[in-house]
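Each remark here refers to the structure printed beneath this line.
Protein chains: 2
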Amino acid sequence: MTDAPIRPEARAPRGFADRRGRDLIAERRLVTRVSAVYERWGFEPLDTGAFEYADALGKFLPDADRPNEGVFALQDDPDDEGNGEWMALRYDLTAPLARFAAQNWETLPKPFRRYAFGPVWRNEKPGPGRFREFVQCDADTVGSDRPEADAEIIAMACEGLQAAGLAPDLAVVRVSNRKLFDGLFETGGVEDAGQKLTALRAIDKYDRLGWEGVAALLGEGRLDESGDYTKGAQLPSKVIGAIEGFLASANSPDLSRAETLDAVARSGNIGAVGEAALAELAAIDAALNAMKVDQSAVRFDPTIVRGLEYYTGAVFEAELLLETTDDKGRAVRFGSIGGGGRYDDLVARFTGERLPATGFSFGVSRLASALRAAGRGAADAVRGPVVVIAFSEADMQHYLDAVAELRNAGVAAELYLGRAGMKAQMKYADRRGAPAAVILGGDEIAAGQVTVKDLDAGRALAAGIADNEAWKAERPGQVVVPRTDLVATVRRIVDAPRTDA
Amino acid sequence: MTDAPIRPEARAPRGFADRRGRDLIAERRLVTRVSAVYERWGFEPLDTGAFEYADALGKFLPDADRPNEGVFALQDDPDDEGNGEWMALRYDLTAPLARFAAQNWETLPKPFRRYAFGPVWRNEKPGPGRFREFVQCDADTVGSDRPEADAEIIAMACEGLQAAGLAPDLAVVRVSNRKLFDGLFETGGVEDAGQKLTALRAIDKYDRLGWEGVAALLGEGRLDESGDYTKGAQLPSKVIGAIEGFLASANSPDLSRAETLDAVARSGNIGAVGEAALAELAAIDAALNAMKVDQSAVRFDPTIVRGLEYYTGAVFEAELLLETTDDKGRAVRFGSIGGGGRYDDLVARFTGERLPATGFSFGVSRLASALRAAGRGAADAVRGPVVVIAFSEADMQHYLDAVAELRNAGVAAELYLGRAGMKAQMKYADRRGAPAAVILGGDEIAAGQVTVKDLDAGRALAAGIADNEAWKAERPGQVVVPRTDLVATVRRIVDAPRTDA
């Protein structure tokens, strides 16, 4: 009996994805374009670390039932005093900003506008298309209570959507105000904070469950299709009725922002707190109008809540209006691709001083996959480097000179460094998306020539090469030129319009 | 007695840094430039997740005495079968690549060249300037055993150093081969794997401890200045003597690569395994010469070991030759700013099949801070957006129009959104690094004019504004122009050569 070596299985952790090629390039391009919009609006870049202390991060995710309430947490090693504090990976870019702003407020320009992008981590139950690491791209203004600050964030989000490649009719930002629900609760005599939070998270599912599901979650509870029972918020039925009327008060997509506010006001029951919330939205509307933001680009919608607990006033949600199809041809609605709102208490948690703030976050990974599924905004086929074919150890100097000449001329190029034959090398070049292959056989070298194969033009043919003989036969897109014309010949191919696969 | 609210303290976790402004911009520029070099050499981008399963990541860090052996690890929540696997944050970009390559080998182009950048995490003891999260930028070739693959990686690292802003005389890549030590051990009869690893890690400290310190660690052990005792490798004294002769065999900086190999060969004791290692280095030298890589840019140096356990052959280390001074004016040597080598067994861990690989990793954070300390390659002073001053709620439309016009012309611009007076707004604009401030007072609006203040030119003056009266006084760099000339006037300031603070 022998001990076989124990080999780890090569697999990425559940809910974590590897990205390369087109997908990665498209995602990076999204971040670059949205960041450029943020910079043009005067937002400066900030990078905070992946970890925050758990108490600084706070517990604001709608995942109270998940282990560690939805975050990846670990206890730090003991410091010199023997204390090992709990740290957690950031679940968004807002909570770390609040910590940073509180820590550095004295020295920051005020208001402080910053943008940030990078991965965030949520310890959600992994599943197909449900990831536990994803990229966000945020812009926030800390230290302004002005409605113009909210309007600016909203208008900038609209510009970001267009920069991402979405025509104005393909996306909409919906806006509401959390305090409208505070008003409803106050009028209805609901005072328990936990009950209110449960109710808000129920309403946040309106989009997915419809009124019937939400009503069950506002009342006793709801049994879903899988047989799981979720306990409800136990609201009095008259409050549930008031919420129904409120949510239904502005359900026509043809209403202007001002008309929506009127309709919500007429629904009654929102009390003084709700009236104040409507006044805030009216001021945001005035600023949006002053910024010439179209009625169809930004709508008021009383069903918008947002899941994160820290919002205190205006809330925003960007929705993709594209309908796409999945692998099986079924229609898929993408829904939210970003959101935000006003969080006037998140910095005050640290300092005790009021520090109003507002911001917006693009779900870059979501937006990229939506655009990809819709066939929009995807990167072109990835163009690989020019591949120089390697025949013989003895001619290595010739290959290395060719590849260096191409690179020095700014053309991405590589020498094939495996040990396979010509056929495999041509397949390799094709798989790499090489625009051209450079062939320096013994005959070419002796004659002071070089063969350049135009793979962009001949890709289909090249992929079908059966054997060396067939490959050697004359075919379109292959030229023999003097060695001194190498760079110019390759350049003509690389600079030609693409013929994407 | 009242319950005061318990407020979290706003602080970043130990060993984690916030980055903004110049530092962040300089670091991003480094990544962009080095990535561009990698792409020109034919390497494709890949992003893997932050986590790997602990068994897939392996234990290769030289931190066996740290909790979790130097990584941040946590146990995943149980899956449907009730298994909660250990996951750890990547400590480098090489181990995740090995996992990815093993997982996807069938479908990858072979050899597989990829580059990657992003944060890595090491659970080291934090201290001043010692971070637990830092950015690396790597390029690797998986599936080639050719010495040209190593030479290409080394030559590309040299080009990366120049792209980062280092003149050729400011950095050097030192190269050696781990198997030289295998030869020394074999000749000396040292067979214990743990003993060999302890010895390699001792030799890796040669730079810092000198021969005396290394000799103690190769033998019984060493008591450091802080009184900590480190147990040694317990090598026989004749082996320690052989290592001394080997390390000293090529200690002249004037030796060419070929001369260094001759000197090492003459030192004796390296046995057949060592001779084979010298032959590999000779083949790398031939390829470097064919690539016209200067003798001063890449040197062979037998003292190079590298700390990571997974290297199997050639090892590389990039060193900054700049001497810089710290805050207190003391001379600081930066030492290593990157490294790499051949790791022919790391993919085979998963597959059992031989899959040779080689790569290089830039320590981006280290390189950026070295360049900064040396006053080279740092970003210019950060130029903020043009700031439009806000006087009156009633004139908001005028301010918003001005800021939109500037943005639409491609000029980064913002409206001041705080509630402070003129003096504070001018200080704000200065602190933001605004090139200009746009002033639309009631008089200007009535007269169809606008005041544009050139802050780039007048920054020092503007920073010293004492009060509104003084500010109102005539000063250089302030012009009143027709409102229609706003964009052109601002453009002249923004496009003018910078007068950096």
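Heads up: the protein sequence lines correspond to chains U and D, in order.
Going letter by letter, the first sequence gives residues 470 to 970 in the working numbering.
Going letter by letter, the second sequence gives residues 470 to 970 in the working numbering.
Backbone N, C-alpha and C fix where the C-beta goes; we use that ideal spot for every residue, glycine too.
Per-residue DSSP class, three states only, for residue i
{"i": "residue 968 (chain D)", "result": "Residue confidence is low: residue 968 (chain D) scores 49 on pLDDT, short of 50, so the model does not pin down where it sits. Its coordinate-derived value is still stated next. Three-state DSSP puts residue 968 (chain D) in coil, outside helix and strand."}
{"i": "residue 708 (chain U)", "result": "helix"}
{"i": "residue 718 (chain U)", "result": "coil"}
{"i": "residue 944 (chain D)", "result": "Residue placement at residue 944 (chain D) cannot be trusted, given a pLDDT of 45 that sits under 50; what the coordinates show is reported in the next sentence. Coil at residue 944 (chain D), not helix or strand."}
{"i": "residue 934 (chain U)", "result": "The predicted model places residue 934 (chain U) with a pLDDT of 44, which falls under 50 and marks its position as unreliable; any figure quoted below should be read in that light. Coil at residue 934 (chain U), not helix or strand."}
{"i": "residue 912 (chain U)", "result": "helix"}
{"i": "residue 806 (chain U)", "result": "strand"}
{"i": "residue 553 (chain U)", "result": "coil"}
{"i": "residue 671 (chain D)", "result": "helix"}
{"i": "residue 888 (chain D)", "result": "coil"}
{"i": "residue 487 (chain D)", "result": "coil"}
{"i": "residue 781 (chain U)", "result": "coil"}
{"i": "residue 540 (chain D)", "result": "coil"}
{"i": "residue 523 (chain D)", "result": "helix"}
{"i": "residue 860 (chain U)", "result": "coil"}
{"i": "residue 635 (chain D)", "result": "coil"}
{"i": "residue 929 (chain D)", "result": "With a pLDDT of only 48 at residue 929 (chain D), under the threshold of 50, the placement of this residue in the model should not be trusted; the figure read from the coordinates follows. Helix at residue 929 (chain D)."}
{"i": "residue 475 (chain D)", "result": "coil"}
{"i": "residue 621 (chain U)", "result": "helix"}
{"i": "residue 648 (chain D)", "result": "helix"}
{"i": "residue 470 (chain D)", "result": "Its pLDDT being 46, under 50, residue 470 (chain D) is placed unreliably in this model, and the value from its coordinates should be taken loosely. It is coil, neither helix nor strand."}
{"i": "residue 962 (chain D)", "result": "helix"}
Spatially closest choice to residue i from the options, by CA coordinates
{"i": "residue 885 (chain U)", "options": "U:649, U:904, U:855 and U:911", "result": "U:855"}
{"i": "residue 506 (chain U)", "options": "D:881, D:923 and D:906", "result": "D:881"}
{"i": "residue 982 (chain D)", "options": "D:652, D:490 and D:839", "result": "Outside the displayed span of chain D (470 to 970) sits residue 982 (chain D), for which this structure offers no information."}
{"i": "residue 785 (chain D)", "options": "D:759, D:812, D:798 and D:794", "result": "D:812"}
{"i": "residue 863 (chain U)", "options": "D:603, D:755, D:711 and D:551", "result": "D:755"}
{"i": "residue 966 (chain D)", "options": "D:852, D:672 and D:510", "result": "D:852"}
{"i": "residue 791 (chain U)", "options": "U:843, U:650 and U:606", "result": "U:843"}
{"i": "residue 619 (chain U)", "options": "U:645, U:596 and U:803", "result": "U:645"}
{"i": "residue 641 (chain U)", "options": "U:606, U:502 and U:629", "result": "U:629"}
{"i": "residue 676 (chain U)", "options": "U:956, U:775 and U:503", "result": "U:775"}
{"i": "residue 609 (chain D)", "options": "D:583, D:659, D:689 and D:728", "result": "D:583"}
{"i": "residue 648 (chain D)", "options": "D:802, D:578, D:739 and D:593", "result": "D:739"}
{"i": "residue 622 (chain D)", "options": "D:814, D:810, D:749 and D:498", "result": "D:810"}
{"i": "residue 734 (chain U)", "options": "U:650, U:665, U:800 and U:615", "result": "U:650"}
{"i": "residue 668 (chain U)", "options": "U:954, U:703, U:490 and U:780", "result": "U:703"}
{"i": "residue 694 (chain D)", "options": "D:720, D:687, D:682 and D:920", "result": "D:682"}
Proximity below 8 Å, CB of residue i to CB of residue j
{"i": "residue 925 (chain D)", "j": "residue 904 (chain D)", "result": "yes"}
{"i": "residue 949 (chain D)", "j": "residue 875 (chain D)", "result": "no"}
{"i": "residue 741 (chain U)", "j": "residue 657 (chain U)", "result": "no"}
{"i": "residue 824 (chain U)", "j": "residue 570 (chain U)", "result": "yes"}
{"i": "residue 539 (chain D)", "j": "residue 591 (chain D)", "result": "yes"}
{"i": "residue 605 (chain D)", "j": "residue 589 (chain D)", "result": "yes"}
{"i": "residue 818 (chain D)", "j": "residue 527 (chain D)", "result": "yes"}
{"i": "residue 834 (chain D)", "j": "residue 496 (chain D)", "result": "yes"}
{"i": "residue 807 (chain U)", "j": "residue 830 (chain U)", "result": "yes"}
{"i": "residue 581 (chain U)", "j": "residue 504 (chain U)", "result": "no"}
{"i": "residue 957 (chain D)", "j": "residue 907 (chain D)", "result": "no"}
{"i": "residue 655 (chain D)", "j": "residue 684 (chain D)", "result": "no"}
{"i": "residue 730 (chain U)", "j": "residue 769 (chain U)", "result": "yes"}
Strand pairing of residue i, partner residues [DSSP]
{"i": "residue 789 (chain U)", "result": "U:640 and U:804"}
{"i": "residue 586 (chain D)", "result": "D:606"}
{"i": "residue 1002 (chain D)", "result": "The structure shown does not extend to residue 1002 (chain D), since chain D is modelled only from 470 to 970, so the question has no answer here."}
{"i": "residue 919 (chain D)", "result": "D:950"}
{"i": "residue 692 (chain U)", "result": "U:698"}
{"i": "residue 832 (chain D)", "result": "D:605"}
{"i": "residue 879 (chain D)", "result": "Paired residue(s): none; residue 879 (chain D) is not in a bridge."}
{"i": "residue 596 (chain D)", "result": "D:599"}
Beta-carbon separation (whole angstroms), residue i vs residue j, contact threshold 8 Å
{"i": "residue 718 (chain U)", "j": "residue 771 (chain U)", "result": "6 Å"}
{"i": "residue 541 (chain U)", "j": "residue 543 (chain D)", "result": "6 Å"}
{"i": "residue 521 (chain D)", "j": "residue 595 (chain U)", "result": "In fact, because the Cβ distance is near 15 Å, the residues do not count as touching under 8 Å."}
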